[in-house]
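Each residue of the sequence shown is one higher than the last, beginning at 1 in full-length UniProt numbering. By construction, the Cβ of each residue, glycine as well, lies at the ideal position given by its N, Cα and C atoms. These notes concern the structure reproduced below.
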Amino acid sequence: MLIAREPEGDGRSGADVVPSPAGGVRKILHVDMDAFYASVEQRDNPELRGKPVAVGYPEARGVVAAASYEARKFGVHSAMPSVTARRKCPELIFVPHRFDVYRAVSEQIHAIFSEYTHLIEPLSLDEAYLDVTENLKGMEFATEIAEQIRARIRAETGLTASAGVSYNKFLAKMASDQRKPDGLFVITPKQGPAFVEALPVKKFHGVGPATAEKMLRLGIETGADLKARDRAFLQQQFGKSGPYFYWIARGIDEREVKPDRVRKSIGAEDTFREDIHDVEAARAALQALIDKVWRYCETNGIRGKTITLKVKWADFTQITRSKTAAVPATSAAEIAAIVELLLLPIFPVPKGIRLLGVTLSSLDHDDENDEPQLALAL
1 MLIAREPEGD GRSGADVVPS PAGGVRKILH VDMDAFYASV EQRDNPELRG
51 KPVAVGYPEA RGVVAAASYE ARKFGVHSAM PSVTARRKCP ELIFVPHRFD
101 VYRAVSEQIH AIFSEYTHLI EPLSLDEAYL DVTENLKGME FATEIAEQIR
151 ARIRAETGLT ASAGVSYNKF LAKMASDQRK PDGLFVITPK QGPAFVEALP
201 VKKFHGVGPA TAEKMLRLGI ETGADLKARD RAFLQQQFGK SGPYFYWIAR
251 GIDEREVKPD RVRKSIGAED TFREDIHDVE AARAALQALI DKVWRYCETN
301 GIRGKTITLK VKWADFTQIT RSKTAAVPAT SAAEIAAIVE LLLLPIFPVP
351 KGIRLLGVTL SSLDHDDEND EPQLALAL
């Protein structure tokens, strides 16, 4: 276990005393489980421990959902086609996913979080931001809280977690990646600007491969390069993301940890073992997705006006088609009717369909809560 502690001095961490935009102090943790799905499988099956494991299916149509650290040494990672993963690691062991188990373990972990703070912003089953500025334990140091949480996760679930401690969300997220697996890393206010300047932009949270490539073409390779560009230039090149890039290049991120975020969309998708070529097969596959989305809507009192159809072809290229109704859909049949309108124009298809997805957005809620997008796995 590797831990980077705060520097010694007056007994207080710099990460614990930075003023927040509201004038108080902000202490942010980012806790990220290590190879979560694969680690759960290795925990529950001792024969898998120490071996390269991939959660997913080995068939030609399969995709890796998660990879153990033993598999990652061979270059295997999530979202990789199973055939590619097997080529990189011939000894790779595939195990089917068990999302009900992963969700149950995630609930255990979040129960631990909730003993320290109510300000928990889940990003997925295996990671979350925590604002422990005014924590329920009355603890002074964020690092001590992170250490306790990691120790309790290990004791209660048999799994390891890595954590980042800093004075804002961006740097806490970056910190949690520094000592994986089973590590803790702190970025203090004094360290923050220099840390960002030295970091390659392709490693920035919020900078995807396409954006990183564009930045490289513009001569932006590091945080220092990004910091050297003014706000107007970044907004011109990157639109709404420009101001975000401007501030994080300076180690500044004033986003709050939001435990209740408005859900932007609800979606379900499925990858097929064999390509789909005819419209009837596509209709049948889409109906299963529509039913899954609608069940969630019914359970949670959610309605939406925009329906999006996603089609991924056999060559991995993809298209999306959307339609927004005047009023929210009130039944699965209404969603299906719009999906049908979006589906028919693509037939006859130019190539096989590898994946189909349905997403409902422009949502109406029964409350004012704000949650992130939900992806419903089949």
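Beta-carbon spacing of residue i, residue j below 8 Å
i	j	result
L130	T143	no
R283	W313	no
A38	V55	yes
L356	A249	no
E121	K258	yes
T361	T306	Note on residue identity: the sequence assigns Ser, not Thr, to residue 361. Taking 8 Å as the Cβ cut-off, S361 and T306 qualify as a contacting pair.
F185	G164	yes
P81	V63	yes
L226	F245	yes
G158	R43	yes
G352	A329	no
K292	A268	yes
P193	G242	no
L342	L289	no
Q108	E41	no
D253	F170	yes
V76	A65	no
Contact set for residue i: own chain, Cβ-Cβ below 7 Å, skip 5 residues either direction
i	result
W294	A332 and I335
D182	M1, D34, T160 and S162
residue 386	With the chain represented from 1 up to 378, any question about residue 386 goes unanswered, as that position is not in the structure.
D275	A314, G352, I353 and R354
W247	D253
residue 384	This structure does not reach residue 384, given that the chain is present from 1 up to 378, and the question cannot be answered.
Q235	G242 and P243
E91	P52
Q287	A336
Among the options, the one whose alpha carbon lies nearest that of residue i
i	options	result
S322	T330, D315, F316 and V311	V311
N300	V40, V101 and D364	D364
V201	V327, T211, S124 and G192	T211
I28	Q191, A65, E140 and A172	A172
Q224	Q191, A85, A198 and S124	For the sequence presented, residue 224 should be read as Ala rather than Gln. Comparing Cα positions, the closest option is A198.
R98	L125, A111, H277 and R86	L125
E115	E340, V196, R72 and M139	M139
Q191	Q237, A146 and M174	M174
E340	Y296, Y57 and A281	A281
V101	A151, G219 and F36	F36
P350	S176, H277 and I338	H277
E256	S176, F141, V132 and A71	V132
G239	A71, A151, K214 and T222	K214
S69	Q237, K180 and A146	Strictly speaking, residue 69 in this sequence is Tyr, with Ser absent from that position. Comparing Cα-Cα distances from Y69 to each of Q237, K180 and A146, the minimum goes to K180.
Close Cβ partners of residue i (< 8 Å) along its chain, the five nearest in sequence each way excluded
i	result
residue 379	Nothing about residue 379 can be read from this structure; the chain reaches only from 1 to 378.
I346	V311, I319 and R321
F113	V31, I120, A128, L130 and I149
F316	R354
L344	V279
Cβ neighbours of residue i in the same chain (closer than 6 Å, five flanking residues each side left out)
i	result
K88	F74, G75 and V76
Quick check for students: name the residue ranges of the alpha helix (DSSP H) that lie wholly in the region 188-247, counting only runs of 4 or more. 192-198, 209-217, 223-227 and 231-238
List, from N- to C-terminal side, the alpha helix (DSSP H) runs of 4 residues or more that fit wholly inside the region 81-123. 82-88 and 99-114
I'd like the ranges of any alpha helix (DSSP H) spanning at least 4 consecutive residues and lying wholly in the region 119-168. 142-157
Sequence ranges, beta strand (DSSP E) only - wholly within the region 285-341, length at least 3: 303-313 and 318-324
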